[in-house]
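Undergrad: Here this note's numbering runs 122 ahead of the position in the sequence shown, where the first position is 1. Could you have a look at this structure, given as structure tokens, before my questions?
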Amino acid sequence: MTAGGENPGAALWMAAAVLGVIAIVVAFIFWRAKRSGSRSAVLDVVLILSSWFVVISMFVLALQVITTFSSSWIEFSTSSVGPYSMPTGCFSGTADRPVEPTLACLSYDHARATVSSPAAWMRWIVVGTQVLSTAALLTPFVIVAISSFQAAAGRPFHALTTRSMYIGAVVVAVTGLGSDVLSSIGQTAILRGLIGRGDAGYPEFFYVQSTLWPLGAALLLAALAAIFRHGAQLQRDTEGLV
């Protein structure tokens with residue numbers, strides 16, 4: 123979510139308005155579920171919201187892919203651009219250090235790149251990054267939707283829930299890290315093909331940058347899968363005693 127304004131108050135009001143709309147939607151879904159006699163209104167809210175998010179995100183991804191291949195330009199955010207700074211007269215040491223707060227250096231290591239008439243391989247890099255990052259983002263929501271559906275149907279420890287968590291752990295790790303690798307290497311390759319060596323912004327090295335959140339999410343999903351599998355075994359043992 124991004125909300126902005128000319129001052130902090132305006133930005134906070136915009137964010138509050140967006141969150142307020144979401145809260146109203148959640149309250150309406152909860153009220154409808156309670157009125158219809160649902161056994162778990164919370165699960166209904168989670169199922170509907172996660173399903174909506176997946177559908178909307180897939181629609182947005184389809185538009186992004188179509189735009190990338192059909193337009194005469196591509197655009198992407200990149201940290202691969204070679205760093206450069208302004209103003210150029212950056213002080214060093216303490217002799218010329220100002221007394222009052224002063225902007226001494228402003229370094230740029232991130233940019234929004236727009237490429238006109240891109241080659242086919244450039245388009246494929248952008249699309250591949252979009253697909254992988256979207257898959258990593260949506261996988262947890264798909265698992266939440268599956269788990270909520272099974273729980274609402276009275277099957278919280280269904281085998282499909284456990285299996286989806288194990289599969290989701292692999293998908294998140296592969297697509298999340300794959301997106302980071304492809305964007306880091308691919309965007310550097312694109313910039314090197316467009317900026318001459320020695321020119322401002324030319325990336326001298328290839329870097330692979332990742333927040334490693336896909337690994338954390340994969341470990342969490344794998345742990346949940348093991349817990350649910352243990353719960354299913356306990357449920358079967360309990361049913362056998364009755």
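Where is the CB? At the ideal position from N, CA and C, for every residue including glycine. Predicted model only: the values in this text are computed from it and were never measured.
#1: Straight-line CA distance for ASP321 to ILE312?
#2: Are the Cβ atoms of ILE304 and THR251 separated by less than 9 Å?
#3: Output needed for ALA291: all residues of its chain with C-beta closer than 6 Å, excluding positions within five of it in sequence on either side, in chain order.
#4: Let me check understanding here. Comparing Cα to Cα, which of SER172, ALA163, ALA242 lies closest to SER193?
#5: So what does ARG234 bridge to, in DSSP terms?
#6: When burial is assigned at 16 or more other CB atoms within 10 Å of the CB, is THR190 buried or exposed?
#7: Less than 6 Å between C-beta atoms, sequence neighbours within five positions excluded: which residues of the same chain meet that for ILE151?
#8: Pair every Cβ in the stretch 265–285 with every Cβ in the stretch 345–353, then say whether three or more of these pairs are closer than 8 Å.
#9: Comparing C-alpha positions only, which one of SER306, LEU259, HIS280 sits nearest to ARG358?
#10: Between which two residues does the alpha helix (DSSP H) containing THR256 stretch?
#11: Taking the straight line between their C-alpha atoms, what separation do you get for LYS156 and ILE146?
#12: Near VAL264, what residues of its chain come up, given a Cβ to Cβ distance below 8 Å and the 5 sequence neighbours on each side ignored?
#13: Suppose you measure from the CA of LEU254 to the CA of GLY300; what does that come to, to the nearest Å?
#14: Tell me which residue opens and which closes the alpha helix (DSSP H) that PHE152 is part of.
#15: How long is the line joining the alpha carbons of VAL249 and TRP153, rounded to whole angstroms?
#16: Could you pull the start and end residues of the alpha helix (DSSP H) that GLY312 belongs to?
#17: Per DSSP, what kind of secondary structure is PHE328 in: helix, strand or coil?
TA: Reading off the structure:
#1: 15 Å
#2: The sequence shown places Leu at residue 304, rather than the Ile named in the question. Yes.
#3: ALA340, LEU343, ALA344
#4: ALA242
#5: SER199
#6: buried
#7: VAL167, ILE170
#8: yes
#9: HIS280
#10: 242–274
#11: 15 Å
#12: SER172, VAL176, SER286, GLY290
#13: 7 Å
#14: 130–157
#15: 40 Å
#16: It is Ile, not Gly, that sits at residue 312 in the sequence shown. Looking at the DSSP string, the run of the alpha helix (DSSP H) that includes ILE312 is 281–316.
#17: coil
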